[in-house]
Amino acid sequence: MRTQVAIVGAGPAGLLLGALLHRAGIDNVVLEQRSAEYVLGRIRAGVLEQVAVDLLREAGAAVRMDELGLPHGGFEMAFGDRRLRIDLQALTGKQVMVYGQTEVTRDLMAHRQASGRPTHYEAENVQPHGYDGERPHLSYRHGGSERRLEADFIVGCDGFHGVCRATLPAGALQTFEKVYPFGWLGLLADTPPVNDELIYGHTERGFMLASMRSHERSRYYLQCSLDDKVEQWSDEAFWAEFSRRLPADVAQRLATGPSLEKSIAPLRSFVAEPMRFGRLFLAGDAAHIVPPTGAKGLNLAASDVGLLARALAEYYRGTGPGRSAGIDHYSQQALARVWKAERFSWWFTSLMHRFPENGDFGLRMQQAEFDYLCHSTAAQTVLAENYVGLPLG
Ligand SMILES: Cc1cc2nc3c(=O)[nH]c(=O)nc-3n(C[C@H](O)[C@H](O)[C@H](O)COP(=O)(O)OP(=O)(O)OC[C@H]3O[C@@H](n4cnc5c(N)ncnc54)[C@H](O)[C@@H]3O)c2cc1C
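Here the working numbering is used: the first residue of the sequence shown is -6, the next is one more, and so on.
Take a look at the structure:
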């Protein structure tokens, strides 16, 4: 089999790239190791930046998002007994869109099916080859037989544990990593959200986030120990702890119910440089991870593939040697944006979580930072500008 662009991974990065390339008339095939149902069953991100919203619209996969998504013009911060609303709309003229990653994936899957471009789910042992030469290809096993997919380019959209980054030769990559000493325990429930807007909370018992997926579905998080096991947390224990960490007036409105999903995610910052090796590109979580504070993971995946789709379209439209300029700059351009999102996610995580190992001095620094935010429109603007997302470039 032959295609122009072979994409590994049918998460949001892979599917959105496929949709944008299809829009540009570029043939592409997606290989995914899991089943479509498994991919749809993963509960993850829920807040989209303007850039991601625009790319979904550009791809022609935004009809349901525009109908069902919830535009948010601000969010709240609670720090001890103090509160601050960050007015995104007033500070930046922009909003974010609350719309779950599961729904984004569902929309992109439906769009792909309608486009007729193939996705091979349950593709086993996918391996990239020949990307340092002119004839890259993927080998894999599907439906009981060995297959080979030849392409002009391979794009690794296969997440943090994927195969593309892992098969690069030692020394080809420089990696940067910070692992945080806690995780997030998340609970999804069909209960009306406790607040119209998200609340990020720093409490003496640890961080909490009151988020949502719709007017009927809540997504709540608690900072927890890395030693915690999800089985230790009954629904009752979660609700009791969550209620303690909410501001008292908000806690009175908390509606509880059985969890649809509960999971613990470790928090990590990670970047692999560069994001291109000959005819192999990395995009999304395959190249970088951010802690979820500030909701940048899915959005970075979208902006990477937005840049790459534009560069590939330029390559296929062009004729002379200049047609490679976009793909030659992809890594540098994407990483410039990635590092700014890494910085913001690290900063927001550092401000809003409890770090007992930083002692009283560390806590005073956090309190001073929050106090500064409360009194400085400039500081709030910096936060808002990063939260709604920096321009694609
Ligand atoms: C538990 C959890 C909670 C999260 N919560 C948030 C949040 O609240 N807010 C936020 O902004 N971000 C969150 N994120 C991050 C966000 O979900 C990711 O940044 C986003 O999914 C990145 O998309 P992606 O397509 O790059 O990678 P992925 O979504 O990981 O997709 C990669 C795909 O590649 C496939 N794959 C992997 N290996 C292979 C292989 N060898 N062959 C073929 N296919 C392969 C995988 O099965 C997967 O479908 C969370 C992540 C996790 C893990």
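Backbone N, C-alpha and C fix where the C-beta goes; we use that ideal spot for every residue, glycine too. These numbers were taken from a predicted model, which means no experiment stands behind them.
Measure the C-alpha to C-alpha separation of Ala327 and Arg303 and round it to an integer number of angstroms.
Distance between the alpha carbons of Ala327 and Arg303: 12 Å.
Applying the 10 Å Cβ sphere with the 16-neighbour rule, what's the burial state of Asn379?
Looking at its Cβ environment, which holds 16 or more other Cβ atoms inside 10 Å, Asn379 is buried.
Under the three-state reduction of DSSP, which class applies to Tyr380: helix, strand or coil?
Looking at Tyr380 - three-state DSSP - the assignment turns out to be helix.
Taking Phe146 as the reference, give the member of Gln373, Gly34, Gln(-3) and Leu8 with the closest Cα.
Checked all of Gln373, Gly34, Gln(-3) and Leu8; the closest Cα to Phe146 is Gln(-3).
In the DSSP assignment, find the unbroken alpha helix (DSSP H) run with Gly355 in it and report its ends.
Segment Gly352 to His368, the alpha helix (DSSP H) holding Gly355.
Is the separation between the beta-carbon of Ala280 and that of Pro5 shorter than 8 Å?
Contact flag unset, no.
Check for me: the beta strand (DSSP E) holding Gly176 runs from which residue to which?
Where Gly176 is concerned, the enclosing beta strand (DSSP E) stretches over Gln167 to Ala182.
Hey, would you say Gly319 sits closer than 8 Å to Arg206, going by beta carbons?
No, these two residues do not count as a Cβ contact at 8 Å.
Would you check whether ligand 1 has a heavy atom nearer than 7 Å to the C-beta of Asn292?
Asn292 Cβ: within cutoff of ligand 1.
Going by DSSP, which residues form a beta bridge with Pro121?
According to DSSP, Pro121 bridges with Leu131.
Mind checking which residues open and close the alpha helix (DSSP H) that includes Ser236?
Unbroken alpha helix (DSSP H) run through Ser236: Asp228 to Arg238.
Taking the alpha-carbon positions, what's the Leu14 to Gly287 distance?
Taking the straight line joining both Cα atoms gives about 28 Å.
For the putative contact between Gln88 and His65, defined by C-beta atoms under 8 Å, what is the C-beta separation to the nearest angstrom?
That belief holds up - the Cβ atoms of Gln88 and His65 are roughly 6 Å apart, short of 8 Å.
Tell me the rounded alpha-carbon separation between Trp23 and Met102.
Strictly speaking, residue 23 in this sequence is Val, with Trp absent from that position. Near 11 Å, if we compare the C-alpha coordinates of Met102 and Val23.
Within 10 Å of its beta-carbon, does Asp353 have 16 or more other beta-carbons around it, so buried, or fewer, so exposed?
Flag for Asp353 reads exposed.
Could you check whether the Cβ of Gly2 sits closer than 7 Å to any heavy atom belonging to ligand 1?
Checking the Cβ of Gly2 against ligand 1 gives yes.
If we count the other Cβ atoms within 10 Å of its Cβ and call it buried at 16 or more, is Gly313 buried or exposed?
Result: exposed.
How far does the beta strand (DSSP E) with Tyr214 in it reach, from first residue to last?
Tyr214 -> beta strand (DSSP E) spans Ser211 to Cys217.
Sort Leu356, Ala334, Met90 and Glu254 by Cα distance to Arg405 and report the nearest one.
Shown here, the chain extends from -6 to 386; a query on residue 405 therefore has no answer.
So, are the CB atoms of Gln216 and Phe175 less than 8 Å apart?
For Gln216 and Phe175, yes; Cβs fall inside 8 Å.
Counting only runs of 3+ residues fully inside the stretch 24 to 88, write out the beta strand (DSSP E) ranges in chain order.
For the stretch 24 to 88, whole beta strand (DSSP E) runs of length 3 or above, ordered along the chain, are 63 to 65, 68 to 72 and 75 to 79.
Where do the N-terminal and C-terminal ends of the alpha helix (DSSP H) with Val97 fall, by residue?
Unbroken alpha helix (DSSP H) run through Val97: Gln94 to Ser108.
Quick one: Cα of Pro259 to Cα of Pro285, how far?
Distance between the alpha carbons of Pro259 and Pro285: 10 Å.
Please report how far the alpha carbon of Phe270 lies from the alpha carbon of Leu180, in whole angstroms.
So the alpha carbons of these two residues sit roughly 39 Å apart.
Mapping DSSP to helix, strand and coil, what is His15?
In the structure shown, His15 sits in a helix (DSSP, three-state: H, G or I).
For the candidate residues Glu139, Phe72, Ala241 and Gly7, whose alpha-carbon lies nearest to that of Val32?
When each option's Cα is compared against that of Val32, the closest is Gly7.
Go through its chain and collect everything with a Cβ distance to Val156's Cβ below 8 Å, but skip five positions before and after it.
If we look at Val156 and ignore the five residues flanking it on each side, its Cβ neighbours are Val1, Val119, Gln120, Pro121 and Gly149.
Identify every residue that forms a DSSP beta bridge with Ser262.
Looking at the DSSP assignment, Ser262 forms a beta bridge with Lys171.
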